[in-house]
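In the numbering used here, the protein residues as written are 30 to 168.
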């Protein structure tokens with residue numbers, strides 16, 4: 030039986046988490062939803078669950094895809110990775126200035142997808158202290 034701390038002060042703070050090592054993984058999109066970024070723009074928040082290699086099965090990683098002019102090419106590349114290059118017309122035909130529709134259509138299209146991808150490690154940027162995993166675009 031796990032003992033629950035009696036006061037918040039008795040709770041030991043988390044020490045962070047370990048990133049997955051760089052490599053190729055089979056991932057499943059376990060959740061995809063639209064949220065608003067800190068800048069007020071719609072984005073697609075995606076949760077991935079590792080399927081293979083078995084040593085890392087069940088581990089999670091996360092991506093947030095945004096649809097600003099600067100970030101759209103990167104978001105498109107990641108959608109291509111997740112959907113294995115088969116991006117449906119329900120996304121490709123949307124105007125690029127309709128960020129709400131793009132975020133929603135991407136969330137619906139990727140949810141439940143299973144795919145193979147390279148995963149890298151991005152160094153933490155202040156104020157964050159933990160490195161983060163991310164899908165690798167390109168070779």
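By construction, the Cβ of each residue, glycine as well, lies at the ideal position given by its N, Cα and C atoms. Bear in mind the structure is a predicted one, so any value in this text is a computation, not a measurement.
Remark: C-beta atoms of residue 90 and residue 72 do not approach each other more closely than 9 Å. Pairing residue 97 with residue 87 gives a Cβ-Cβ distance that is not under 9 Å. One alpha carbon belongs to residue 149, the other to residue 37, and they sit about 35 Å apart.
For the pair residue 55 and residue 137, the CB atoms are not nearer than the 9 Å cut-off. Separation of residue 76 and residue 164 (C-alpha to C-alpha, rounded to the nearest whole angstrom) is 12 Å. Distance from the Cα of residue 58 is smallest, within the candidate group 35, 151, 111, 161, for 111. Counting every other CB atom within 10 Å of its CB across the protein chains shown gives residue 107 a total of 16 or more, marking it as buried.
When rounded, the separation of the alpha-carbon atoms in residue 65 and residue 155 is 21 Å.
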